[in-house]
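Data first, discussion second: the structure below is written as structure tokens.
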Amino acid sequence: MSGIFGILGVNDTDYVYLNSLGQAVVYDAANQALADHRADLAAQMAVFVEEETENFKERYKLPGGGKLQRMSGQSQAGTVKAYGSWDVAYPLEDFGAQVASDRIDFAYASVQDLNRHLDTVMLQDINTIRFEILKALFNNAADTFTDARHGSLTIQPLANGDTVVYSPVMGSETEATEDHYLQSGYTAANISDTNDPYVTIAADLEHHFGMPSGGAPIITFINGAQRAKTEDLTSFTASGDRYVTPGTQTAEVILPDLSVPGRTIGRHSSGTWVQEWSWIPENYLLAIWLGAPKPLKRRVHPLSTGLPRGLTLVSESSIYPFTQAHYEDHFGFGVGNRLNGVVMELGTDGSYGVPAAYA
């Protein structure tokens, strides 16, 4: 996973002690491996995260609705003003890991040992980032983050039926509130052509972002437990196996041109690819419109601070009799575009409930 062997120019079957390579060489190689890790992770996050930002707070401004005013020959139209907006904020937290050993153990440490330690730290980084992304999306209530430099910040979820008034949806000229946290009204076992969650989800995004001819660029993430019922839908077309050539009379799903976590299992005629991803909680669906600004932004420290962006080996130290390596990642995810995302719970109790894993 870390690729440290190739960076150091040794074979993964060679037993080479780290001491024989030199501390500076190992330090540089570890950071090169982490740079590759950051690039791969950024590609995987792109479906959820629009950009990195140094801002702790932002305002999204909206156009108004309505029609032009009818005028007589010698009259002036009244003034109009776009007034809609919503405010968002982003948390910023410090995450880290330490790898340590005593002087004797470090003397016997090999490149293979370093590779295992790096793999562990990188997996922890992936797990932490994935958890923070999904927690930000599945929670439907605003949260308060205490920022050491900016005080209390209100971290917003996707549109959740609060008092924010959004631009008119397609088919309307009036601004209105929005709630993108839905409950289906039926259980996962009752998904059918009559109870089709993909139709509801796609419509909730299309009335904000348009109805393009030939299908919408929506992707819906599901848990594997919902796969069988999804594949039974008449409106669903399964994606092919890359090792099987489809026949001339067989529909073939065009996969999304994006690095997306999970596995694309097919396309629903409402305009969404269906992506099976084990980290989506069972009985929940999460949909994103790929062509619009993504829902989340990742807050990072300003460049002027010199603090790292992404997982970095920030220091190595030797305090007899221990040797320590310190890894850090500083970030926070908050919803910026509150309209690009729909979460549906497959349930019947009348209101959306946050999955236990992300509550």
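The opening residue of the sequence shown carries number 1449 in this note's numbering; numbering runs sequentially from there.
Don't be surprised by glycine CBs; every beta carbon is placed ideally from N, CA and C.
Computed from a predicted model, the values in this text were never measured in an experiment.
Buried or exposed (CB count within 10 angstroms, at least 16 for buried), residue i
i, result
"residue 1628", "buried"
"residue 1804", "exposed"
"residue 1573", "buried"
"residue 1650", "buried"
"residue 1831", "Shown here, the chain extends from 1449 to 1807; a query on residue 1831 therefore has no answer."
"residue 1773", "buried"
"residue 1680", "exposed"
"residue 1507", "exposed"
"residue 1731", "buried"
Proximity of residue i and residue j at Cβ, strictly below 8 Å
i, j, result
"residue 1538", "residue 1742", "no"
"residue 1492", "residue 1709", "yes"
"residue 1632", "residue 1793", "yes"
"residue 1582", "residue 1727", "yes"
"residue 1515", "residue 1623", "no"
"residue 1588", "residue 1608", "yes"
"residue 1502", "residue 1750", "yes"
"residue 1737", "residue 1657", "yes"
"residue 1580", "residue 1781", "yes"
"residue 1486", "residue 1758", "yes"
"residue 1482", "residue 1760", "yes"
"residue 1634", "residue 1626", "no"
Simplified DSSP assignment, three categories, for residue i
i, result
"residue 1537", "strand"
"residue 1681", "coil"
"residue 1575", "helix"
"residue 1801", "coil"
"residue 1597", "coil"
"residue 1749", "coil"
"residue 1546", "strand"
"residue 1569", "helix"
"residue 1519", "coil"
"residue 1809", "In the structure displayed, the chain extends from 1449 to 1807; residue 1809 sits before or after that span and is not available."
"residue 1603", "strand"
"residue 1656", "helix"
"residue 1622", "coil"
"residue 1758", "coil"
"residue 1488", "helix"
"residue 1508", "strand"
"residue 1807", "coil"
Residue i to residue j span [Cα, whole Å]
i, j, result
"residue 1505", "residue 1618", "29 Å"
"residue 1677", "residue 1496", "26 Å"
"residue 1715", "residue 1734", "15 Å"
"residue 1548", "residue 1570", "16 Å"
"residue 1490", "residue 1644", "33 Å"
"residue 1789", "residue 1755", "31 Å"
"residue 1667", "residue 1777", "29 Å"
"residue 1536", "residue 1665", "25 Å"
"residue 1763", "residue 1594", "28 Å"
"residue 1673", "residue 1725", "10 Å"
"residue 1646", "residue 1498", "24 Å"
"residue 1600", "residue 1591", "10 Å"
"residue 1518", "residue 1525", "8 Å"
"residue 1687", "residue 1533", "40 Å"
"residue 1729", "residue 1616", "32 Å"
"residue 1598", "residue 1576", "24 Å"
Which residues DSSP lists as bridging residue i, in chain order
i, result
"residue 1580", "The partner list for residue 1580 (beta bridge, DSSP) is empty, contrary to what the question assumes."
"residue 1763", "1774"
"residue 1742", "DSSP, once it has assigned bridges, lists no residue as partnering residue 1742."
"residue 1790", "1735"
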